[in-house]
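Participant: In this note's numbering, the protein residues as written are 237 to 1129.
In this text, a Cβ means the ideal position worked out from N, Cα and C, and glycines have one as well.
Remember, predicted model here, so these are calculated numbers, not experimental data.
There's a structure below that I have some questions on.
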Amino acid sequence: MEKKHQYQGLTKQEVEESRRLHGENILTPPEKASLWSQFLEKFNDPIIKILLVAWFLSMIIAGVHCWGPEAKGFTAFLEPIGIFFAIMLASCVGFFFEVKANRAFNVLNTVNDDIFVKVIREGNICQIPRKEVVVGDIVVLETGEEVPADGHLLEAISLQINESTLTGEPIISKTTNEADFDEEATYPSNVVMRGTTVVDGHGVMAVEKVGDETGYGKVYEGSQIENNIDTPLQMQLAGLAKVISKAGYAIAAITFIALLTKVLLSSSGMPVMDLISHILNIFMVAVTLIVVSVPEGLPMSVTLSLALSMNRMLKTNNLVRKMHACETMGATTVICTDKTGTLTQNQMQVYQTNFYNLKDQKLVDDELSVLIKEGISVNSTAFLDFSEEKIKTLGNPTEAALLLWLNSQHQNYLEIRENDRILDQLTFSTERKYMATVVQSSLLGKRVLYVKGAPEIVLANSNRVAIDGTYKPVEECKASIEKQLLDYQNQAMRTLGFAYQILEDGQDATFFVNGRLHKTDLTYLGIVAISDPVRADVPAAVQSCLDAGIDIKIVTGDTPGTAKEIGRQIGTWKTGDTERNIITGPGFEALTDKEALDRVLDLKIMCRARPTDKQRLVQLLQQKGAVVAVTGDGTNDAPALKAAQVGLSMGDGTSVAKEASDITIIDNSFSSITRAVMWGRSLYRNIQKFLLFQLTINVAACLIVLLGSLLGTESPLTITQMLWVNLIMDTFAAGALASLPPNERVMKDKPRRSGKDGDFIITRPMAYNIFGVGLAFVIVLMGLLLHFHAQDGLTPHDLSWFFSFFVMLQFWNMFNAKAFMEDRSAFANLKESKSFLTVALLIIAGQYLIVTFGGEMFSVVPLSWKDWGTIIGSTSLVLWIGEIGRLIERWRK
């Protein structure tokens, strides 16, 4: 072990005392809900609650039918068993998929507190696990290492920290020299924070905070706070549940009053027991209507839609942890996105080279090309890792970008570096803003001094500029070079200037005095502009969101200039935008809630943002009625991810960010977020289609039971037949309509309104369709019943015919439901709708088997092929009328 005399560090006793006073360097893990409580949570769904009431009432009816005057035995319990099965199936499917997603998430989100860090204790450098670091420890920081705790710097040599996990800023220079402190920095220049990474240089820190007390830990704690915000779908279903229950009770009440009045008016001389029996039967009819009015397939449809979307979205790089997040993405009106890694590639790259003597900026076999490639190779501390398919950069990202450019020119930087011998070197520091290296060049056979750094500093140390094959005094070129630099800076580029000096034999090579260049004769080679480029797919993905009526707000720790330029490149920052559309984190904090609420919808960019700023932005947007999705990969993003209706973490983000999110974007791509919006909107539309189909059946079934009872006839559909219609048609249709593929056309629609004054899930066109088609079915079916009555009364053949006719009407209407709101034929995209076709075939096959072999259990007799042909042919008019209507609508538009 190497002695470190200037720092003694803690003794064993001091370590134990510090641990007792300040705790361990571990984050308290969030409390996980038990599997049992997760399962019970599924029963909080408003529709499930109504179904449970319906199941309880149906059990009472079944009990009366089972042991009453017309004892039906066990068959009376088929319907309540079917309803209970539907409830359990919907709940268990949702539970299964969420547990499965959470397990995948836990694998993705492994955290290791046993990573070793170097500390000084009792005067010796030793390695200990990160979790054993205590307040007061002296920690040695090297390039590539993660800072294990919060503290202040005792030493900083060319130290640069990646603070993107906390502020969004990838490169922050750190120093212990107060004169060089950056007053605009989010955290003081001599302070380092847990979770950040050393990208260049080295330093020594004294630990001041560990575990939950660190900035990282505080944000982690904030990410555990439950937001308790209902998703738009939950609010819609709660509203629908109220409407359905009110409608069911109203119809039941009307029926009960009408039938009771009818019985009482004709009850003269009726024995009391008979009267009580009639009243009890009337009550059973009313309760049956309540049961029929509840769409058993709705929770199944919603759960299936969400579960199928979870699985399919995983294939598009969206790992969904909470099922309702699938649909909520479709209701999103605002996306607050961070910059680094989401909009940009999070890898610095050479945007443009401007070496004045380099034709077309291509390296050739002349002396200046050799000076450029050798200068980049040897006057650098970065490396490239070629061990994986994608080249990884190690060390300072800016220097690594130069090596990537050299590699694209088919030059091997490592071979050049290893063949040259370094004679003297000044590493880069924030104080001098340049790096210089003297080498024995293997390519030129001479000693060469290479300098690179801030262009204005390197230019000030140069005597001439190599341009157009000649050498010109710096004064002649200074104005044009400064103009070029200003252009790059206006585009939020980082710039580097390059210079060299070839030493003749015997020439003194003492160029470094007191850490500065001294008595040089440099020739300026040119400048290079470096940026973290916007991902290629982002502008199109952002435009797709803007077309869909979704606001994109950039929230970043970067400077205003950089943020504006990124906004311009992705298409959110326009020429006419003003200072009202951009704000800094401190500026936002200074606003009162009233002032911020007035401005929050107009904001397009928040720069120099801190964790609390982003969270407050989200909460204020929600107060304005916005449905907010937040993207983030850093610990700083966790509170906002938790506060939003949908939190979207990045696949390579921190564990804290992932823990706080609802969806993890595995490939970090904004286009995956756009696909999630498309999935969400398509999913909501599929649920609407199912509701349209389901409620049309319910309207028809309720009115037939009501009218049949009022006319004094028994219901033409028995309990077991209604079980087939309600359970099988509901569940099968739920599967068919829930599995319809997403439609990109939904991205041309505006977001639906959410909240108390938002759009109801049953739109006006849907209501017209439900009641119009439902009433038309009732008129046709009642006409069919009266026709049968007028002949010989209702025979078993007539009832079988009526039952099959009723089912086939719904079968063809399922195709109309598929095409609803699509402005195209029901036959469009049938090849991609394999599940839909499978269900359609199952319904026809099931109906045929029930009628042919159901016998007494279903109160049916087999039908002839002629009957089947007549039923299928006549009921198909439902589809053809729908197709004609859609064709006329397309012509009209």
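What is the DSSP secondary structure of Asn697, reduced to helix, strand or coil?
Facilitator: As a position in the sequence shown, residue 697 is number 461, starting the count at 1. Residue state, collapsed to three classes: coil.
Participant: With a CB to CB cut of under 6 Å and the five nearest residues on each side skipped, what residues in its chain are close to Gln472?
Facilitator: Residue mapping note: residue 472 aligns to position 236 of the sequence shown, counting from 1. Once the five neighbours on either side are set aside, the close Cβ partners of Gln472 are Ile997.
Participant: When the Cα atoms are used, what is the spatial distance from His514 to Lys498?
Facilitator: Position 278 of the sequence shown, counted from the first residue, corresponds to residue 514. Position 262 of the sequence shown, counted from the first residue, corresponds to residue 498. The alpha-carbon atoms of His514 and Lys498 are separated by roughly 11 Å.
Participant: Closest to Ile693 by CA distance: which of Ala421, Ile658 and Gly733 is it?
Facilitator: Translated into positions along the sequence shown, residue 693 becomes position 457. Among Ala421, Ile658 and Gly733, the Cα nearest to that of Ile693 is on Gly733.
Participant: Could you check what DSSP says for Glu902 in three-state terms: helix, strand or coil?
Facilitator: Residue numbering aside, residue 902 sits at position 666 when the sequence shown is read from its first letter. Checking the sequence, you will find Ile at residue 902 rather than Glu. Ile902 falls in the coil class under three-state DSSP.
Participant: Does the beta-carbon distance from Lys894 to Ser905 come in below 9 Å?
Facilitator: Sequence index remark: in the sequence shown, residue 894 carries index 658 (1-based). Sequence index remark: in the sequence shown, residue 905 carries index 669 (1-based). Going by C-beta atoms, Lys894 is not nearer than 9 Å to Ser905.
Participant: Which of the three DSSP states is assigned to Val674 in this structure?
Facilitator: Your numbering for residue 674 matches position 438 in the sequence shown. DSSP places Val674 in strand when its eight states are reduced to three.
Participant: Is there a Cβ of chain B sitting closer than 9 Å to that of Leu620, yes or no?
Facilitator: The structure shown contains no chain B; it is built from a single protein chain.
Participant: What number of angstroms, rounded off, separates the C-alpha of Asp849 from the C-alpha of Thr814?
Facilitator: Numbered from 1 along the sequence shown, position 613 holds the residue referred to as residue 849. Numbered from 1 along the sequence shown, position 578 holds the residue referred to as residue 814. When rounded, the distance between both Cα atoms is 21 Å.
Participant: So, using beta-carbon positions, are Trp915 and Thr411 closer together than 9 Å?
Facilitator: One-based indexing of the sequence shown puts residue 915 at position 679. One-based indexing of the sequence shown puts residue 411 at position 175. Against a cut-off of 9 Å, the Cβ pair of Thr411 and Trp915 comes out as no contact.
Participant: Which runs of the beta strand (DSSP E) spanning at least 3 residues fall entirely within the region 844-932, listed in chain order?
Facilitator: 864-868, 882-886 and 899-901
Participant: By Cβ distance, which residues of its chain are closer than 7 Å to Asp794, with the 5 residues on each side in sequence left out?
Facilitator: If you number the sequence shown from 1, residue 794 lands on position 558. Excluding residues within five positions, the ones whose Cβ falls inside 7 Å are Gly404, Glu405, Lys575 and Cys843.
Participant: Once the 5 residues before and after Leu1078 are set aside, which same chain residues still bring their CB inside 7 Å of it?
Facilitator: Here residue 1078 is taken as the residue at index 842 of the sequence shown, counted from 1. Correct list, in chain order: Phe968.
Participant: Going by other Cβ atoms of all chains shown within 10 Å of its Cβ, with 16 needed for buried, is Phe622 buried or exposed?
Facilitator: Here the question's residue 622 lines up with position 386 in the sequence shown. Exposed.
Participant: Could you tell me the distance, in whole angstroms, from the CA atom of Tyr592 to the CA atom of Thr828?
Facilitator: Counted from its first residue, the sequence shown places residue 592 at position 356. Counted from its first residue, the sequence shown places residue 828 at position 592. So the alpha carbons of these two residues sit roughly 52 Å apart.
Participant: Could you tell me the alpha carbon to alpha carbon distance between Met584 and Ser1061, rounded to whole angstroms?
Facilitator: Along the sequence shown, one-based indexing puts residue 584 at 348. Along the sequence shown, one-based indexing puts residue 1061 at 825. One C-alpha to the other measures close to 49 Å.
Participant: If we ignore side chains and look at the alpha-carbon of each, how far apart do Val961 and Ala477 end up?
Facilitator: As a position in the sequence shown, residue 961 is number 725, starting the count at 1. As a position in the sequence shown, residue 477 is number 241, starting the count at 1. In a straight line, the C-alpha of Val961 is about 21 Å away from that of Ala477.
Participant: Would Phe1042 and Ala972 be called neighbours here (beta carbons separated by less than 9 Å)?
Facilitator: Taking the first residue of the sequence shown as 1, we reach residue 1042 at position 806. Taking the first residue of the sequence shown as 1, we reach residue 972 at position 736. Cβ distance not < 9 Å, so Phe1042 and Ala972 don't count as in contact.
Participant: For Pro365, write down the residues that DSSP places opposite it in a beta bridge.
Facilitator: Here residue 365 refers to the residue found at position 129 of the sequence shown. According to DSSP, which records beta bridges pairwise, Pro365 is partnered with Phe352.
Participant: Which one of Val882, Gly1109 and Ser1095 has the shortest CA to CA distance from Trp1101?
Facilitator: Working through the sequence shown from its first residue, we reach residue 1101 at position 865. Taking only the C-alpha atoms, the option nearest Trp1101 is Gly1109.
Participant: Ser918 and Asn979 look like a contact to me (Cβ under 8 Å); what is the Cβ gap, rounded to whole Å?
Facilitator: The residue you call residue 918 lines up with position 682 of the sequence shown. The residue you call residue 979 lines up with position 743 of the sequence shown. The Cβ separation is near 5 Å, so the contact holds.
Participant: Considering only residues of the same chain and omitting the five flanking positions on each side of Tyr1084, which have a CB-CB separation below 8 Å?
Facilitator: The sequence position of residue 1084 within the sequence shown is 848, counting from 1. Within the same chain, Tyr1084 has close Cβ partners Trp1104.
Participant: Can you tell me the Cα-Cα spacing of Val1087 and Phe1038, whole angstroms?
Facilitator: For the purposes of this step, residue 1087 is taken as residue 851 along the sequence shown, with counting starting at 1. For the purposes of this step, residue 1038 is taken as residue 802 along the sequence shown, with counting starting at 1. If I take the Cα positions, the gap works out to 11 Å.
Participant: Rounded to the nearest angstrom, how far is the Cβ of Ile658 from that of Val675, given a contact under 8 Å?
Facilitator: Sequence index remark: in the sequence shown, residue 658 carries index 422 (1-based). Sequence index remark: in the sequence shown, residue 675 carries index 439 (1-based). Indeed, because the Cβ distance is near 5 Å, the residues count as touching under 8 Å.
Participant: Tell me whether the beta-carbon of Ala702 lies closer than 9 Å to the beta-carbon of Leu761.
Facilitator: The residue labelled residue 702 in the question sits at position 466 within the sequence shown. The residue labelled residue 761 in the question sits at position 525 within the sequence shown. It is a contact, given that the beta carbons lie within the stated cut-off.
Participant: Nearest to Ala1012 by alpha carbon, out of Leu1035, Arg981, Ile933 and Phe1056?
Facilitator: Working through the sequence shown from its first residue, we reach residue 1012 at position 776. It is Ile933 whose Cα lies nearest to the Cα of Ala1012.
Participant: Helix, strand or coil for Arg989, going by three-state DSSP, please let me know.
Facilitator: Position 753 of the sequence shown, counted from the first residue, corresponds to residue 989. Of the three classes helix, strand and coil, the one that applies to Arg989 here is coil, per DSSP.
Participant: Which residue marks the beginning of the beta strand (DSSP E) containing Gln661, and which one marks its end?
Facilitator: The sequence position of residue 661 within the sequence shown is 425, counting from 1. Per DSSP, Gln661 belongs to the beta strand (DSSP E) from Arg657 to Leu662.
Participant: Give the DSSP-derived three-state secondary structure of Gly1105 in the structure shown.
Facilitator: Numbered from 1 along the sequence shown, position 869 holds the residue referred to as residue 1105. It is helical.
Participant: List the residues that DSSP assigns as beta-bridge partners of Met441.
Facilitator: Counting from 1 along the sequence shown, the entry for residue 441 is found at position 205. According to DSSP, which records beta bridges pairwise, Met441 is partnered with Val375 and Leu389.
Participant: If I measure Cβ to Cβ from Asp787 and keep anything under 6 Å in the same chain, skipping five residues before and after, which residues do I get?
Facilitator: Start at 1 with the first residue of the sequence shown, and residue 787 comes out as number 551. These residues qualify, in order along the chain: Val570.
Participant: Straight-line CA distance for Val864 to Arg557?
Facilitator: Within the sequence shown, numbered from 1, the residue matching residue 864 stands at position 628. Within the sequence shown, numbered from 1, the residue matching residue 557 stands at position 321. Cα-Cα distance, rounded: 17 Å.
Participant: I need the DSSP call for Glu1125, collapsed to helix, strand or coil.
Facilitator: One-based indexing of the sequence shown puts residue 1125 at position 889. DSSP places Glu1125 in helix when its eight states are reduced to three.
Participant: Ile717: buried (16+ other C-beta within 10 angstroms of its C-beta) or exposed?
Facilitator: By one-based count along the sequence shown, residue 717 stands at place 481. Label assigned to Ile717: buried.
Participant: Round the Cβ separation of Val434 and Thr379 to the nearest angstrom and send it over; I've been treating them as touching at under 8 Å.
Facilitator: To locate residue 434, count along the sequence shown from 1; it is residue 198. To locate residue 379, count along the sequence shown from 1; it is residue 143. About 5 Å separates the two Cβ atoms, so the contact holds.
Participant: Please report the distance separating the alpha-carbon of Gln597 from that of Val440.
Facilitator: Position 361 of the sequence shown holds residue 597. Position 204 of the sequence shown holds residue 440. So the alpha carbons of these two residues sit roughly 41 Å apart.
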